[in-house]
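Quick note, the sequence shown lines up with residues 2 to 151 if you use the working numbering. To start, the structure itself, in C-alpha cells.
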Amino acid sequence: MLIGGGVLAKDVVEGKPWGCLSLETLRICFMFSDTEQHLQPLIFERLAKLTRLEHLCSGAVGTPFQEKYPVPLQFRLQSGFNALSGLWRMVSFTASQSKCLGEDELRWMLVHWKELLSVSANVDIDEVTRTEFENLFKSHGIKLWQHLWR
C-alpha cells in the first residue's frame, strides 16, 4: 500500500523505474502544469506496470499547488487510460477530478476490469444516459459513488 500526496508528473516520467511493482493499493495525485499534458500517456504507462493493483485512488491537488499544477490526470481513453487494461485485478477506482470519466471510459471499465466493485468519480454524461449507466453498473455488481452528472 502506498498513500502519498502530490507527485510531479515530470518527476515520475523522468525518474527511475518504479521498484514497487507488486503494489496492490495506490493513493496518489499526479500533478501537471499547463504545458505538461503530453505526459499523461506516460503516467498511464507507468501505472500499467503495477499489474497487482487492486485499488487506485487519484485525487485533486489543493492549494497552494493547484495554481502551479492545475491539470489533473485525465482518465480518458484519448489521454492513455486504455494502457490500464492489464490491471484486471482492479476492485476499486476513485478519481476526484472534475468530469474525469465519460461514457466511453465507463464502458471500457466494464470490459477490462471484471473484478471491479466500486467506482467513485465525477462522470461527464447527460441525464438521459445516467439511468442507463446506473442500471448497467448495478447489473454487474458495481457501486457508483459521488458521481457528478453533467
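Every residue gets a Cβ at the ideal spot worked out from N, C-alpha and C, and that includes glycine.
Query - Integer-rounded CB distance, given that Cys101 should sit under 8 Å from Phe76 - result: The sequence position of residue 76 within the sequence shown is 75, counting from 1. The sequence position of residue 101 within the sequence shown is 100, counting from 1. 5 Å between Cβ atoms; contact.
Query raised in the report: On the three-state DSSP scale, how would you describe Ser97?
Result: As a position in the sequence shown, residue 97 is number 96, starting the count at 1. In the structure shown, Ser97 sits in coil (DSSP, three-state: anything other than H, G, I, E or B).
Requested in this report: Tell me whether the beta-carbon of Leu88 lies closer than 8 Å to the beta-carbon of Phe45.
Outcome: For the purposes of this step, residue 88 is taken as the residue at position 87 of the sequence shown. For the purposes of this step, residue 45 is taken as the residue at position 44 of the sequence shown. Contact: no.
Query raised in the report: Are the Cβ atoms of Val92 and Glu55 separated by less than 8 Å?
Result: To locate residue 92, count along the sequence shown from 1; it is residue 91. To locate residue 55, count along the sequence shown from 1; it is residue 54. It is a contact, given that the beta carbons lie within the stated cut-off.
Report task. Classify Thr52 as helix, strand or coil using the three-state DSSP reduction. Result -> Here residue 52 refers to the residue found at position 51 of the sequence shown. Of the three classes helix, strand and coil, the one that applies to Thr52 here is coil, per DSSP.
Report task. Put Lys23 into one of helix, strand or coil per three-state DSSP. Result -> Numbered from its first residue, the sequence shown carries residue 23 at position 22. Residue identity differs from the one stated: residue 23 is Ser in this sequence, not Lys. Ser23 falls in the coil class under three-state DSSP.
Requested in this report: Name the residue from Asp105, Pro71 and Arg47 whose alpha carbon lies nearest to the alpha carbon of Ser23.
Outcome: Your numbering for residue 23 matches position 22 in the sequence shown. Comparing Cα-Cα distances from Ser23 to each of Asp105, Pro71 and Arg47, the minimum goes to Arg47.
Query raised in the report: From Gln41, Leu145, Asp105 and Pro73, pick the residue whose C-alpha is nearest to that of Val120; which is it?
Result: Numbered from 1 along the sequence shown, position 119 holds the residue referred to as residue 120. Nearest of Gln41, Leu145, Asp105 and Pro73 to Val120, Cα basis: Leu145.
**Report entry** Exposure of Gln41, with buried meaning 16 or more beta-carbon neighbours within 10 Å
**Finding:** As a first step, residue 41 is located in the sequence shown; it is residue number 40 there, counting from the start. Classification of Gln41: buried, given that the 10 Å Cβ count is 16 or more.
Query - Reduced DSSP category for Arg28 - H, G, I as helix; E, B as strand; rest coil - result: By 1-based counting over the sequence shown, the position of residue 28 is 27. It is a strand residue.
Report task. Flag this pair as yes or no: are the beta carbons of Lys69 and Ser97 separated by less than 8 Å? Result -> Start at 1 with the first residue of the sequence shown, and residue 69 comes out as number 68. Start at 1 with the first residue of the sequence shown, and residue 97 comes out as number 96. Cβ distance not < 8 Å, so Lys69 and Ser97 don't count as in contact.
**Report entry** Inter-residue CB distance, Ala122 and Phe94 (contact presumed, cutoff 8 Å)
**Finding:** Stepping through the sequence shown from its first residue, residue 122 is reached at position 121. Stepping through the sequence shown from its first residue, residue 94 is reached at position 93. With a Cβ gap of about 7 Å, Ala122 and Phe94 count as contacting.
Requested in this report: Using the DSSP secondary-structure output, state which residues sit across from Trp146 in a beta bridge.
Outcome: Stepping through the sequence shown from its first residue, residue 146 is reached at position 145. Per DSSP, Ser121.
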